[in-house]
Each structure stands twice: as C-alpha cells, then as structure tokens.
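**Q**
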Amino acid sequence: MMLLLLLLLVAGCGRTEVAEDTLFIPDISPVAIVELPEGIEEATIDISRGGFRVTELVLQEDEPTVLHVANADDQTYRLRIVEGLVSATEIAADATTDIQFTTPNAAAYEGQLLAADGDQVLDTFRVAVIGPGAVEP
8 MMLLLLLLLV
18 AGCGRTEVAE
28 DTLFIPDISP
38 VAIVELPEGI
48 EEATIDISRG
58 GFRVTELVLQ
68 EDEPTVLHVA
78 NADDQTYRLR
88 IVEGLVSATE
98 IAADATTDIQ
108 FTTPNAAAYE
118 GQLLAADGDQ
128 VLDTFRVAVI
138 GPGAVEP
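Counting in our numbering, the sequence shown runs from 8 upward without gaps.
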C-alpha cells in the first residue's frame with residue numbers, strides 16, 4: 008500500500024495544474040477607489056461654453072462639503088455662492104477645481120459664475136441647503 012502511494016506521488020510531481028480564476032477584477036486606478044471620509048458631502052458642477060450645466064444644487068445643512076467644479080472651457084473663471092457661502096474662487100481653465108466649505112442654515116443661495124477679472128456675472132444656479140430629514144424643496 009505504501010509503495011502504491013509513493014508511486015502516485017512521484018507520478019504526480021511532473022504535472023503542473025493551473026487553477027482558473029473566474030473572478031473578474033476591473034481595471035481601475037487606485038485613485039478611483041479613494042473616498043471622502045464619512046460625513047463629508049460632495050457634488051460636481053460642470054462649466055462649458057461660459058455657463059453652468061446645472062440649474063440647482065441641493066446640499067444638507069451643517070455638512071462639510073467638497074464642490075468639484077469641472078471647467079471644460081479654455082478660459083479661467085471665478086465662482087461665488089452668495090450670501091457669504093463661498094467667496095469668489097478662481098476656477099482654472101480646462102481643469103477641475105475643488106472648493107471646500109460647510110453649509111450654513113437651511114436657506115436658498117445663489118451660485119454665480121464670474122468673469123476672471125471683475126464681478127461680471129456670466130451665469131447663475133440655485134443652491135438649496137436643506138435641514139436634516141427634509142426633502143428637496
């Protein structure tokens with residue numbers, strides 16, 4: 008019996024078996040899986056042809072927020088959310104600019120796309136800050 012086991016073991020040593028893994032792992036960059044810490048809200052606003060591609064942004068009251076402003080134009084702008092939510096911030100041409108702020112009390116605000124120099128308002132969007140448990144106004 009022992010001899011038979013030894014022969015089977017020796018006979019099996021020359022063979023190589025390859026296990027087929029059927030698990031599909033998508034090809035993604037490590038940056039794509041990085042997430043913001045829990046409790047931080049994020050939103051994206053696109054700019055093209057000198058205007059916003061959104062008319063309204065809804066955010067939660069008292070939440071730290073990261074606003075990703077994606078500018079597809081080859082021109083620099085500034086973005087401001089009045090009254091005092093976000094001061095005029097430069098938005099680089101052909102790039103995404105991140106703006107961090109904390110939303111104040113529930114209210115409606117106005118987001119403004121400004122010319123790079125001066126306060127000329129090129130476009131606007133509504134920013135609705137809603138309280139906990141509230142639904143979009």
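By construction, the Cβ of each residue, glycine as well, lies at the ideal position given by its N, Cα and C atoms.
Run through DSSP, which three-state label would P71 get?
**A** Counting from one through the sequence shown, the residue named residue 71 turns up at place 64. Here P71 sits in strand by DSSP.
**Q** What does the Cβ neighbour count give for I47, buried or exposed, with the cut at 16 atoms within 10 Å?
**A** Sequence index remark: in the sequence shown, residue 47 carries index 40 (1-based). The residue in question, I47, is exposed, as its Cβ has fewer than 16 Cβ neighbours within 10 Å.
**Q** Mind checking which residues open and close the beta strand (DSSP E) that includes A99?
**A** Looking up residue 99 in the sequence shown gives position 92. Here A99 belongs to no beta strand (DSSP E), and DSSP marks it neither H nor E.
**Q** Let's test the definition: count the other Cβ atoms within 10 Å of the Cβ of N78 and tell me whether it reaches 16, buried, or not, exposed.
**A** Locating residue 78 in the sequence shown gives position 71, where the first residue counts as 1. So N78 ends up on the buried side.
**Q** I need the DSSP call for L92, collapsed to helix, strand or coil.
**A** Taking the sequence shown and counting its residues from 1, the one referred to as residue 92 is at position 85. L92 falls in the coil class under three-state DSSP.
**Q** Which value, in whole angstroms, describes the spacing of the CA atoms of Q119 and R56?
**A** For the purposes of this step, residue 119 is taken as the residue at position 112 of the sequence shown. For the purposes of this step, residue 56 is taken as the residue at position 49 of the sequence shown. So the two alpha carbons sit approximately 15 angstroms from each other.
**Q** Under three-state DSSP, which class holds I52?
**A** Taking the first residue of the sequence shown as 1, we reach residue 52 at position 45. Of the three classes helix, strand and coil, the one that applies to I52 here is strand, per DSSP.
**Q** May I ask which residues mark the beginning and end of the beta strand (DSSP E) holding D130?
**A** Position 123 of the sequence shown, counted from the first residue, corresponds to residue 130. D130 -> beta strand (DSSP E) spans 128-137.
**Q** If you drop the 5 nearest sequence neighbours on each side, which residues of the same chain put their C-beta closer than 8 angstroms to that of E63?
**A** In the sequence shown, counting from the first residue as 1, residue 63 sits at position 56. Cβ within range, chain order: F132, R133, V134, A135.
**Q** In this structure, how does DSSP classify I106 when only helix, strand and coil are distinguished?
**A** The sequence position of residue 106 within the sequence shown is 99, counting from 1. Note: I106 maps to strand in three-state DSSP.
**Q** If we count the other Cβ atoms within 10 Å of its Cβ and call it buried at 16 or more, is V128 buried or exposed?
**A** The residue labelled residue 128 in the question sits at position 121 within the sequence shown. Result: exposed.
**Q** What's the C-alpha gap between V76 and A114?
**A** Indexing the sequence shown from 1 puts residue 76 at position 69. Indexing the sequence shown from 1 puts residue 114 at position 107. Taking the straight line from one Cα to the other gives about 22 angstroms.
**Q** Of all the options D69, E68, P71, L86, which has the alpha carbon lying nearest to the alpha carbon of I52?
**A** The residue given as residue 52 occupies position 45 in the sequence shown. Checking every option, the nearest Cα to that of I52 belongs to L86.
**Q** Measuring alpha carbon to alpha carbon, tell me which of F59, V61, P71, R60 ends up nearest E49.
**A** Here residue 49 corresponds to residue number 42 of the sequence shown, with the count starting at 1. For E49, the nearest C-alpha among the options comes from P71.
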